[in-house]
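Residue numbering for the sequence shown follows this note's numbering, starting at 5 and increasing by one per position.
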Amino acid sequence: MSVARYADYIGDLRVLFAELDRRSERFQTFDVRLELVAAGSLVVYETKRRKGQTDSLYYGRSAATGQNQQISQAAAFSAIDRFFALGQFAALTDQVATGKGAESRSVDAQYPHCAVNFSYRKKGQAVARSTLMVFVGFNDEADALDFTSIVEEPGAFVAQRPYHTAKSHEWK
5 MSVARYADYI GDLRVLFAEL DRRSERFQTF DVRLELVAAG SLVVYETKRR KGQTDSLYYG
65 RSAATGQNQQ ISQAAAFSAI DRFFALGQFA ALTDQVATGK GAESRSVDAQ YPHCAVNFSY
125 RKKGQAVARS TLMVFVGFND EADALDFTSI VEEPGAFVAQ RPYHTAKSHE WK
């Protein structure tokens with residue numbers, strides 16, 4: 005099974021995410037929600053700017069306690085940034101990302117995965133851009149190949165880029 009790789013895409017997303025986190029004044033509008041699941045724990049980085057107002061929420065849920073707890077922006081950013089620093093990535097198809105069908109079992113808990121819902125318009129740009137994808141992170145190319153070669157559901161991972169469906173899409 006051929007699986008599209010997304011290391012380059014995530015590299016660009018990482019730079020954009022860092023810019024938004026550190027220099028949000030460069031953006032006219034944004035609506036960002038990143039949900040990272042790693043080692044059974046959840047980290048959510050959520051921020052939105054509309055009409056000059058910015059609302060943000062950062063929280064985590066520990067695998068040990070199972071309870072949501074507010075965390076700092078820096079902690080949420082750091083967790084997501086560490087995920088983006090992994091060596092290789094594969095994207096789930098929209099059937100898996102929305103939990104439909106047998107393919108929803110393809111996200112192995114031992115591999116971190118991040119749902120990315122990122123929309124923005126920088127100041128001076130005429131149009132907004134958005135992406136809505138779920139990525140699974142791997143240490144390197146060999147790790148990605150080992151995992152994707154044993155997945156039983158052939159439609160679990162995006163096979164060809166660019167990927168655009170009604171529910172998931174690369175930048176548009």
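Beta carbons are placed, not taken as given, at the ideal position from N, Cα and C, and that holds for glycine.
For clarity, every value in this text was computed on a predicted model and none was experimentally measured.
Residue environment, residue i, which counts as buried when at least 16 other CB atoms sit within 10 Å
i, result
"H117", "buried"
"T169", "exposed"
"T69", "exposed"
"D16", "exposed"
Cβ pair residue i, residue j closer than 7 Å
i, j, result
"T33", "R9", "no"
"I75", "L38", "no"
Pairwise C-alpha distance: residue j and residue i
i, j, result
"E29", "D59", "14 Å"
"G128", "F31", "9 Å"
"F161", "V131", "29 Å"
"A146", "Q57", "44 Å"
"A148", "A89", "14 Å"
"A18", "V48", "The displayed chain sequence assigns Arg, not Ala, to residue 18. Their Cα atoms are separated by approximately 16 Å."
Nearest neighbour of residue i, chosen from the options [CA to CA]
i, options, result
"N72", "A79, A78, G64", "G64"
"D25", "A163, A79, A89", "A79"
"E23", "D150, R125, D98", "R125"
Expected contact under 8 Å - CB spacing of residue i and residue j to nearest Å
i, j, result
"F93", "V140", "7 Å"
"Y115", "F142", "7 Å"
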